[in-house]
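S.K.:
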Amino acid sequence: MMVRAASLVLALGTLALLPPLPAAAGTPDPAAIRAGIDDLLTDPQAFDGLADLLELPPAPVLTGIPETPPFPEGPAPVMAQGKLQLALSQLAIHAGTNGHIALVRAQNGRDDAIFLQSGFTDLATLARAAADRGIDGITAEGQTVTLTRPLVIWMGAGLHLNPGDRLRLSGTDGTFLLNFGRLDSESATVETTGDSDFRPFLLTAGQGTLRLEGSRLNGLGFARSDAFGGIAILSRGLFRPDHPPLIRNATFTDTGLLFIEGSVGAWIEGNTFLAPRTGGLTLSATTAATVTGNLIHAAQGSAALRLRDGASGTRITGNLVLNSLRTGIMGEGNLTDTTLASNAIAGSGGVGLLLRRADCLRLSGNLVAANGAAGIKLVETARTTLARNAILHNSGSGLTLQTQPDTARTDLSANLLMSNRDGLSGAGLGPVTLEGDDLSGQLPRLFSGEFAQHLPAYLSARDTQGSTAFAISAPAGAAEPDPCP
112 MMVRAASLVL
122 ALGTLALLPP
132 LPAAAGTPDP
142 AAIRAGIDDL
152 LTDPQAFDGL
162 ADLLELPPAP
172 VLTGIPETPP
182 FPEGPAPVMA
192 QGKLQLALSQ
202 LAIHAGTNGH
212 IALVRAQNGR
222 DDAIFLQSGF
232 TDLATLARAA
242 ADRGIDGITA
252 EGQTVTLTRP
262 LVIWMGAGLH
272 LNPGDRLRLS
282 GTDGTFLLNF
292 GRLDSESATV
302 ETTGDSDFRP
312 FLLTAGQGTL
322 RLEGSRLNGL
332 GFARSDAFGG
342 IAILSRGLFR
352 PDHPPLIRNA
362 TFTDTGLLFI
372 EGSVGAWIEG
382 NTFLAPRTGG
392 LTLSATTAAT
402 VTGNLIHAAQ
412 GSAALRLRDG
422 ASGTRITGNL
432 VLNSLRTGIM
442 GEGNLTDTTL
452 ASNAIAGSGG
462 VGLLLRRADC
472 LRLSGNLVAA
482 NGAAGIKLVE
492 TARTTLARNA
502 ILHNSGSGLT
512 LQTQPDTART
522 DLSANLLMSN
532 RDGLSGAGLG
542 PVTLEGDDLS
552 GQLPRLFSGE
562 FAQHLPAYLS
572 ARDTQGSTAF
582 AISAPAGAAE
592 PDPCP
């Protein structure tokens, strides 16, 4: 404690003696930055102007969008009305039995469901086939089809929602859609009807596939469950779907969560999440998922966008995550090879970007601003690079490092930190390098925590050498971590 106190006194004395840090060439006007952030919090379209002002790099152009096979034109649908328990037994294989009692209670004493056993069909043909078989629980009026019983799509069957179709799921009747086959929706609407505590949901599991393009999803999501929380895709088990999920240009309103687990190559692009009730998007144990160009606004729950359970190879680029109740973006649980580039994370009630237990992190060109706690917080993270990020006006530290492992190395370059509570804070630091970072707008609150003892050396290097490079070295004898792939 005495050593840290002495370091702090020395740091304060050094600050008093040295001239102010020079601003980097071209540092924009602080008042214009603050005004731009305020505009962004009320108008997402203001981001482009703010990014230009801050000279942030554009979002990278991504490739690898999955090709979805054409929807089959037949055979004709084969339908039946059977026991709901049959579907729940199959569901238990993929998602366990949690919540099943609540599903049964929501049926108001009925125990049946509608099964699309085979064949590939559109919504209108599905309703006609049900009527021809005398199956109740499904009615049609024009392009609007209302379900009052759960609908189950078996493996080897498929349903296509055409542009203008409207599928209404009755909450008062305990309706939901369970897909083990194929479900495609193009510019259609799936929505909840009825005033009930039960909220219908859309769940794809097993070898089932889901494609949503240009569609609207309203009012979905039952309780605080991942599987039943809104729209879920569970790709567990040995047998995988023949193509990854594609969710593009969809609008989610008053919906709990888009939850994707275990998929390979999921593509989530250009979607709008408006006030999601339990978080906008969660990726669990996914591989090579792409999340790009989405808007998540006013998310409730613990985080607007969440990675967990060993998600690897994730690319998160060009997204706007605004006004979240708690954390903006959260990642935890043995994450590897994660890229976050050219995102805006602003107005969160808590931390802007929180990453815990992760390796090979690349953070570049992100705007992290006006969050209620730290801008970026890295806990137990190993090899990490932060380049050309703008970390501004956060109520906590701009960047916090905690409990770094032996394999840790954190490299900062050309980042702008301004008007945060303090610039860099830490506890349990590993090696850290700074190269060309602009902290001129952060004075006098540059370093805190374990960073504070390095402040005199940092300031002296800037003053006597004119250098923008600074390093906190690893302990003597520590091994240099291998580079990330």
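Residue numbers (the working numbering): 112 to 596.
For every residue, glycine included, the Cβ atom is placed at its ideal position computed from N, Cα and C.
The structure displayed is predicted, hence computed values, not measured ones.
1. Only counting the same chain, and skipping five residues up and downstream in sequence, which positions put a Cβ closer than 7 Å to that of L550?
2. State yes or no: is the C-beta of G269 within less than 8 Å of the C-beta of P355?
3. Determine which residues share a DSSP beta bridge with S281 and list them.
4. Assuming contact is defined by CB atoms lying nearer than 8 Å, are H408 and L394 in contact in what I supplied?
5. For N209, does the count of other Cβ atoms within 10 angstroms reach 16, so buried, or fall short, so exposed?
6. Can you tell me whether T174 is buried or exposed, with buried defined as 16 or more other CB within 10 angstroms of its CB?
7. Taking the C-alpha atoms as reference points, what is the distance between G207 and R239?
8. Out of A170, L418, A217, which has the shortest C-alpha to C-alpha gap to G429?
9. Of all Cβ atoms in chain C, is any one closer than 8 Å to the Cβ of N382?
10. Does the Cβ of Q640 have 16 or more other Cβ atoms within 10 Å, making it buried, or fewer, making it exposed?
11. If we ignore side chains and look at the alpha-carbon of each, how far apart do S307 and G340 end up?
12. For R520, count neighbouring Cβ atoms within 10 angstroms of its own Cβ and tell me buried if that reaches 16, exposed if not.
13. Note down the Cα distance separating F158 from L152, rounded to an integer number of angstroms.
14. DSSP has Q513 in a bridge; who is on the other side?
15. Looking only at its chain, what residues have a beta carbon closer than 6 Å to the beta carbon of T257, apart from the 5 residues adjacent to it on each side?
16. Who are the Cβ neighbours of Q69 in its own chain at under 8 Å, not counting the five residues just before and after it?
17. Within this structure, are the beta carbons of R604 and A414 separated by less than 8 Å?
18. Since A422 contacts A400 with CB under 8 Å, what's their CB separation in whole angstroms?
19. Give the straight-line distance between the Cα atoms of L566 and E546, rounded to the nearest whole angstrom.
20. Alpha carbon to alpha carbon, how far is N290 from N454? Give it in angstroms, no decimals.
21. Give the DSSP bridge partners of A455, in chain order.
22. Helix or strand or just coil, what does DSSP make of F363?
23. If you check the beta carbons only, do G275 and S296 fall under 8 Å apart?
24. Just the C-alpha distance for T501 and N329, rounded to the nearest angstrom, thanks.
25. Please classify M113 as buried or exposed, where buried requires at least 16 neighbouring CB atoms within 10 angstroms.
26. Going by DSSP, what residue range makes up the alpha helix (DSSP H) through L234?
M.R.: Per the coordinate set shown:
1. L132, L528, G534, L557
2. no
3. T304
4. no
5. exposed
6. exposed
7. 34 Å
8. A170
9. No chain C appears in the structure shown, which is made up of a single protein chain.
10. Here the chain comprises residues numbered 112 to 596, so residue 640 is not present and cannot be evaluated.
11. 15 Å
12. buried
13. 9 Å
14. V490, A538
15. T250, R279
16. Here the chain comprises residues numbered 112 to 596, so residue 69 is not present and cannot be evaluated.
17. No information on residue 604 is available, as it lies outside the stretch 112 to 596 that the chain covers here.
18. 7 Å
19. 15 Å
20. 33 Å
21. L431, L478
22. strand
23. no
24. Reading off the sequence, residue 501 comes out as Ala, not Thr. Between A501 and N329, the C-alpha separation is close to 35 Å.
25. The predicted model places M113 with a pLDDT of 34, which falls under 50 and marks its position as unreliable, so this point remains unresolved.
26. 234–243
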